[in-house]
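Asks: In my numbering, the protein residues as written are 5 to 134.
By construction, the Cβ of each residue, glycine as well, lies at the ideal position given by its N, Cα and C atoms.
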């Protein structure tokens, strides 16, 4: 991701924010739609770069001799975290704080469930050293 890409994201964010704010009094529903659409556009723009990040992490894990199963779990946890955070912020932007907190809680629960095998493996390693 270079300077031009981040500049495009910044411009999309600023334009979306200005449009949303300017329409908030006259058409709150359309203002909300613009805000949500802007957030989704930015997410989709950045999503294409996620493969690069995954490839970098996979290469680093391979170089370090880390079990690919554990690396996959870590990548899933990162994905769950980003998805839950994104959805939480969209809910907050829509004024739905209660829903946002439930999405956030669900994300944390799924992170704990997904990460359990790594935690158990670490506990077994520590147990062998003791």
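With distance defined between alpha-carbon atoms, name the residue in 93, 45, 98, 10 nearest to residue 33.
Replies: The shortest Cα separation from residue 33 among 93, 45, 98, 10 belongs to 98.
Asks: Compute the Euclidean distance between the alpha carbons of residue 126 and residue 67, then round it to the nearest angstrom.
Replies: Their Cα atoms are separated by approximately 20 Å.
Asks: Looking only at C-alpha atoms, which of 81, 22, 86 sits nearest to residue 51?
Replies: Of 81, 22, 86, the residue nearest in Cα terms is 86.
Asks: Output the distance between the C-alpha atoms of residue 13 and residue 111, rounded to the nearest integer angstrom.
Replies: Cα to Cα, residue 13 sits roughly 26 Å from residue 111.
Asks: My guess is that residue 43 and residue 94 are in contact by the Cβ rule of under 8 Å, so how many angstroms apart are they, rounded?
Replies: Contact flag correct, Cβ pair sits at about 6 Å.
Asks: Can you look up residue 128 in the DSSP assignment and give me helix, strand or coil?
Replies: Residue state, collapsed to three classes: helix.
Asks: Give the C-beta separation of residue 27 and residue 35 to the nearest angstrom, bearing in mind that I take them to be a contact with Cβ-Cβ under 8 Å.
Replies: Between residue 35 and residue 27 the Cβ distance is about 4 Å, and since that is below 8 Å, they are a contact.
Asks: I need the DSSP call for residue 98, collapsed to helix, strand or coil.
Replies: Reduced to three states, the DSSP call for residue 98 is coil.
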